[in-house]
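Add 57 to the 1-based position in the sequence shown for our numbering, that's all there is to it.
A virtual CB, placed ideally from N, CA and C, is assigned to each residue, including glycine.
The structure presented is a predicted model; accordingly, all values stated were derived computationally and were not measured.
Report on the following structure.
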Amino acid sequence: MADGEAMDIEFRSDVVVELIKSAASDADVLWAARVSTKGENSLAEIEADPERSKGLINFLMRDRHGTPFEHSSMTFYVKAPIFVFREQMRHRTFSFNEESGRYRRLEPVFYVPGPDRKLVQEGRPGKYVFVDGTPEQHKIVTAAMEESYRQAYRAYTEMLDAGIAREVARSVLPVGLYSSMYLTCNARALMNFLSLRIKREDATFPSFPQREIEMVAELMEEEWAKLMPLTHAAFEANGRVCP
Ligand SMILES: Cc1cc2nc3c(=O)[nH]c(=O)nc-3n(C[C@H](O)[C@H](O)[C@H](O)COP(=O)(O)OP(=O)(O)OC[C@H]3O[C@@H](n4cnc5c(N)ncnc54)[C@H](O)[C@@H]3O)c2cc1C
C-alpha cells in the first residue's frame, strides 16, 4: 500500500448511529416518580390511566424534576469522524468505549463534507450564520481534504511497514478519520445532549452546534422518540430544556 493513489481509501459524508440495546420507556419515568406518593406498587396504575401518565410526565419536565428520567438506559453504536467524538466525549454523563488506535490498524475512512453542508461562516463570534458554499468552494474543499487524507494515510502505512508501533504512527492521522464507539446514557443525559447539540430556533435556549455532531444527535433523538414517546413529546412541549 505504498502508492497513495492506489490506496483503498474511503471518503464519506455521513455518520452512523444504531441503537444496540435499551431499557427505556415512559413507564420507567412514571414508576420512579410515583414512588414518592404511592409507594413502590405503582406500575398497575400506569397502564390504567394513560392521560394521567402524560400529565405527570409533562409536569416533571416543566418543573424540572429530572431524576425520574434517569431510570433508563440506551446503548448506541456511533461511527463518526474523530472531531465529532471530541465533542461527544465532553458529555460526562455518558459512558464510552471507543476502538483503539494502539491495538489495531486504523482503517482509511475519512470525512468529506457532502454537497448540503454549509461551508461559509458569516458574521462575528456569538452572532454568525453558515451559508452554502459555491460549487467551486465545494470542489476546493473536496480536493484539499482528499489529497491531505491520502498523504497522511500513506505516511501512516509507511511507518507501519517499517515496523513502527501503531500508537506512534497514528500521530499523523487527522481528525477527519472515522472512529467507532459504543455509548450508553439515560434519558436525562440524552436530553441535555440534545438540547446542546441540535439547533432549534424554537428552543427556550437555542444552541449552535457544529453540523456533524448535530447529525449524530438527530439520529439518536429519532431512536429515543420511538422508545419514550410521551417523554419526547413533553421535552418538545417544554422548549427542549433538559429537566
Ligand atoms: C455550541 C457549543 C460550543 C462549545 N464550545 C466549546 C469550546 O469552545 N470549548 C470547550 O472547551 N467546550 C465547548 N463546548 C463544550 C461544553 O462546554 C460542554 O463541555 C459540553 O456541552 C457538555 O455539556 P455539559 O457539561 O452540560 O454535559 P455533561 O458533561 O453530560 O453534564 C450534564 C450535566 O451534569 C452536570 N454536571 C456534570 N459534571 C459536573 C460537574 N463537574 N460539576 C457540576 N455539574 C456537573 C451539569 O448540570 C451538566 O449540565 C461547547 C458546547 C456547545 C454545545
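Residue pairing from DSSP places residue 235 in a beta bridge opposite 138.
Per DSSP, reduced to three states, the secondary structure at residue 185 is strand. Taking all protein chains in view, the Cβ of residue 136 is crowded by 16 or more other Cβ atoms within 10 Å, so the residue is classified as buried. At a cut-off of 7 Å, the beta-carbon of residue 265 counts as near ligand 1: some heavy atom of the ligand is closer than that. Not one heavy atom of ligand 1 falls within 7 Å of the beta-carbon of residue 159. By the Cβ criterion, the segment 102 to 122 is not in contact with the segment 189 to 207, since fewer than three pairs of Cβ atoms, one from each stretch, lie closer than 8 Å.
Residue 154 has its Cβ no nearer than 7 Å to any heavy atom of ligand 1. For residue 166, there is no enclosing alpha helix (DSSP H); the residue is found in the beta strand (DSSP E) stretching over 166 to 168. Closest in C-alpha terms to residue 222, from the list 160, 180 and 249, comes 160. In this structure, DSSP gives residue 73 an extended state, which the three-state scheme calls strand. Take the alpha-carbon of residue 243 and the one of residue 165: they are about 33 Å apart.
For residue 153, the enclosing beta strand (DSSP E) stretches over residues 152 to 155. In the three-state reduction of the DSSP assignment, residue 133 falls in the strand class. Selection 208, 71, 127 and 253 evaluated against residue 144 yields 253 as nearest (Cα-Cα). Ranking 245, 251, 173 and 238 by CA distance to the CA of residue 134 puts 238 first. Residue 111 is not a Cβ neighbour of residue 230, given a cutoff of 8 Å.
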